[in-house]
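Okay, so here's the structure we're looking at.
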Amino acid sequence: MHNLLHNLNDEQLAAVTLPAQSALILAGAGSGKTRVLTTRIAWLIQTGQVSPSGILAVTFTNKAAKEMLTRLSAMLPINTRGMWIGTFHGLCNRLLRTHHRDAALPQTFQILDTQDQLSAIKRLLKAHNVDDEKFPPKDVMYFINGAKDSGLRAHDIEPYNADERKKVELYQLYDEQCQREGVVDFAELLLRTYELLSRNQPLREHYQQRFQHILVDEFQDTNDLQYKWLKLMAGQGGHNGGVLFAVGDDDQSIYAFRGANVGNMSAFEREFNVRNLIKLEQNYRSHGHILDAANVLIANNSKRLGKNLRTDAGHGEQVRVYEANSDLSEASWIIEETRNLIHDGASRSEIAVLYRSNAQSRVIEHALFSAGIPYHVYGGLRYFQRAEVKHAIAYLQLMDNPHNDSAFLRVVNFPARGIGVRSIETLQAAADQYGISLYAAVPYVTGKAGTALSGFVKLIEGTRFETQQMSLPELVRVVLEQSTLLAHYATEKEGADRIENLEQMVSAATQFLSEEGYGQGAPAHLGPQAQASAGAAVVNQDGLEIIDADAPLSTVMSPLSAFLSHASLEAGDNQATIGQEAVQMMTVHSAKGLEFNNVFITGLEEGLFPHESSSREHDGVEEERRLMYVAITRARQRLYLSFAQTRMLHGQTRYNMKSRFFDELPEDALKWLTPKVQPSWFGAKKSAWDEAPLVGSDRALAQQIANKSSGSGWRIGESVAHAKFGEGVIVNIEGSGNNARAQINFGSSGMKVLDLSIAKLDRL
DNA sequence: CAACTCATACCATAA
DNA sequence: GTATGAGTTG
């Protein structure tokens, strides 16, 4: 037992051994957060305070859940069965499958991912003749998800204008459509579970009593619904025996745009009467200058719970800052530095290049490629999101639940079998008339269209019959053949990769069976074994029988259903290149939770980082600053910051000021590789334009600029000052003489178009 | 009905 | 520069 607590610092030890009361752990970057979380669980079990089945640990990503499980198995001699460790969505899926009747869902309900949801909404809008100019499908989707993430149904929303009334109406219709089709979206998994437990008291009390200790990772990322869900599980305020142990860092809250509410941290403190607030401020990752930079930067935020990281590692190197003429020269500088690092013995996988938006990666990728340096870009398409894989999945979904109209529409004419737009319209009309699914409406369509459609139905039915007794991998194989997907891609010239991906599904199915504890030979279609016999039935104090979701998956769903859930809930890795010795490229968002010896943070320009859209959002700049904080704290030993004077973005050249974050970093911690001219960036800019040798495209650009400036006396790229708007850069000049107007980027004051004969501008 | 061209929009993202 | 969607042609 003591070796469990060995090597913990005082703060960590205090957190791990807290009494059984709700607690909030403010865990700074690199402070050993996951370690505290897992050791806490191990300690609770080892000291006999709780049995494994009393533990519920919730994470946001499968990766985090897996990591916890791995660490726990290493720490505990006993097996981890009985503990519930998983993502919000994974746990909800399990609960809903078990209690599908109470939740009013078919046992084979299917999960829509974001793509599916969007297409479902497009379908809905079309069906109800909604003008998709006025109500773009994406907006409707954000509206619906936003409502669900706050725990609101359509009837809970009081619309404040006609447009919103319409959206609420669409929300209602969307939910009805999903219910009809037997599908749920991601937010619905949580909301359904929440509603189920709210309304079913015995069930709620059963789980509340079971889970004596609930632990949450990345608590700052919870949305309103997730917090309500946790409160319900714990029994509000922990009064029903549940104890909530929340770990998070308000300074690393970077997901407000998807509904995360940092306010949950203070709400939790208040509502659960948290007396145990522990700050983990000892950082085991970064050298001093890097940590100083992070601390000083984040101090500019007003809304903080307050935390200051410290390290024993010594100052280390200063943060290196580089100003480039263009995005291209920024990239070549990165190559140069990367080469130096590798030459000095750095491993490529310990070098990370971070950027604010994916669009920035192209130039850097190109440069790395030309230089022959292996690299790996995070965040591409994941396995189960690839078109061909989604097609195959759609066929499988129809095997399990033919009323899933999304799946039906995806493959009814793919590969092409002569079922076109008109046929579908006819079918849709029939389905609407009888209020049934497209699949069920096929018999009502006559004529040529009807023949083609019933051919498709026969294909599905036939395949289902044929595969009745087959195992999941066999089923997948047959579906790939019968659907003619393999044959189709064989005729495409770029189809080889796609065929390979499809073939891979068979092995994915095999692997899935062994990981989930299904027998390899178990018939894929066979429904769950009788639940009562699985020993999952529990009788609660009221004598009511509760089926507890704590049972092997095989008792809750068929191998096929389980595999389909898996495909939706674990999209898989994006590339199989893991383990390769490669430079790591990713957005700052996806870098959260990772660490590297050497980190480049690129594109530090106003409008890009902080992103221009952030100034419009409430507290947007504070979130961007937290994002920068996350980026800085990824680095262990060496950190590079860079920005470019000009940048091609979305096919046009942009001229941005350097990021305001440079003014918020401590000077002592920085080392400028290019001259920094005081007091502001403008001087440096000017000298760079006048003196720096221009090469390649830079020269062409300069030429363009020289031409454009003719007559007005001003030049694109020139820095100016305006009495009202402050300092800015001329981005474009139109017209000439008295009609000359300049488009000027005033940074935080925004982009303005000023008449050059009227506006009073000063050169800088 | 299917294959093609052309125009348009674009921040970050896990489940 | 790429992905979606509408419009156009065989």
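Heads up, the first sequence is in UniProt numbering, so the first residue is 1 and it goes up one at a time.
For every residue, glycine included, the Cβ atom is placed at its ideal position computed from N, Cα and C.
When the beta-carbon positions are compared, Ala571 and Asp113 come within less than 9 Å of each other.
With respect to Met657, Tyr355 sits apart: the two C-beta atoms are not nearer than 9 Å. The beta carbon of Tyr194 sits closer than 8 Å to those of Gly151, Leu225, Lys228, Trp229, Leu232, all from its chain and outside the five residues before and after it, given in chain order. Residue burial is scored here from C-beta neighbours: Asn7 has fewer than 16 other C-beta atoms within 10 angstroms and is therefore classed as exposed. The beta-carbon separation of Thr646 and Asn325, rounded to 7 Å, stays under the 8 Å limit for a contact.
Using a Cβ distance threshold of 9 Å, Pro402 and Gln468 do not count as a contacting pair. Following the DSSP letters along the chain, one finds Lys126 inside the alpha helix (DSSP H) bounded by residues 114-127. The beta carbons of Asp221 and Lys307 sit about 17 Å from each other, so the pair does not count as a contact at 8 Å. Here Gly314 is exposed, its C-beta having fewer than 16 other C-beta atoms within 10 Å.
Annotation: the continuous alpha helix (DSSP H) that includes Asp175 extends over 162-181. Counting only the Cα atoms, Ala103 lies some 11 Å from Ser198. For Glu515, the enclosing alpha helix (DSSP H) starts and ends at 495-516.
A residue is called buried once 16 or more other Cβ atoms fall within 10 Å of its Cβ, and Val729 is buried on that count. The straight-line gap separating the alpha-carbon atoms of Ala294 and Phe109 is approximately 46 Å. Between Val274 and Ala14, the beta carbon gap of about 14 Å keeps them out of contact (Cβ cut-off 8 Å). In the structure shown, the three-state DSSP call for Leu95 is helix.
Boundaries of the alpha helix (DSSP H) around His366: 361-370. Note on the stretch 578-641: whole beta strand (DSSP E) runs with a minimum of 3 residues are 583-587, 596-601, in chain order.
Apart from the 5 residues on each side of it in sequence, Val599 sits with its Cβ closer than 6 Å to the Cβ of Ala352, Arg634, Ala635, Leu639 in its chain, given in chain order.
DSSP places Phe408 within a helical segment (H, G or I) once states are collapsed to three. The Cβ atoms of Ile55 and Trp84 lie closer than 9 Å to each other. Nearest neighbour of Arg204 by Cα position, chosen from Ser471, Ala452, Pro19, Gln236, turns out to be Gln236. Contact between Leu124 and Gln177 holds: CB atoms are separated by about 6 Å, below the 8 Å threshold. According to DSSP, residue pairing for Gly86 in a beta bridge involves Val58. Per DSSP, the continuous beta strand (DSSP E) segment holding Leu354 begins and ends at 351-355. Annotated three-state conformation of Asp312 is coil, per DSSP. Taking one beta carbon from each stretch, the stretch 75-82 and the stretch 35-42 have 3 or more pairs nearer than 8 Å; the two touch. In the three-state scheme derived from DSSP, where H, G and I count as helix and E and B as strand, Asn300 is classed as coil. Counting the other CB atoms within 10 Å of its CB gives Val140 a total of 16 or more, which places it among the buried residues. Note on Ser253: 16 or more other CB atoms within 10 angstroms of its CB, so buried under the neighbour-count rule. Asn3 is classed as exposed because its beta carbon has fewer than 16 other beta carbons within 10 Å across all chains shown.
Bounds of the alpha helix (DSSP H) holding Gly462 are 447-466. Considering only Tyr171, Glu515, Val377, the residue with the shortest C-alpha distance to Gln580 is Val377. With contacts defined by Cβ atoms closer than 9 Å, Ala631 and Ala591 form a contacting pair. Between the alpha carbons of Pro443 and Asn223 lies a distance of about 45 Å.
A Cβ-Cβ separation of about 12 Å leaves Leu5 out of contact with Thr38 under the 8 Å criterion.
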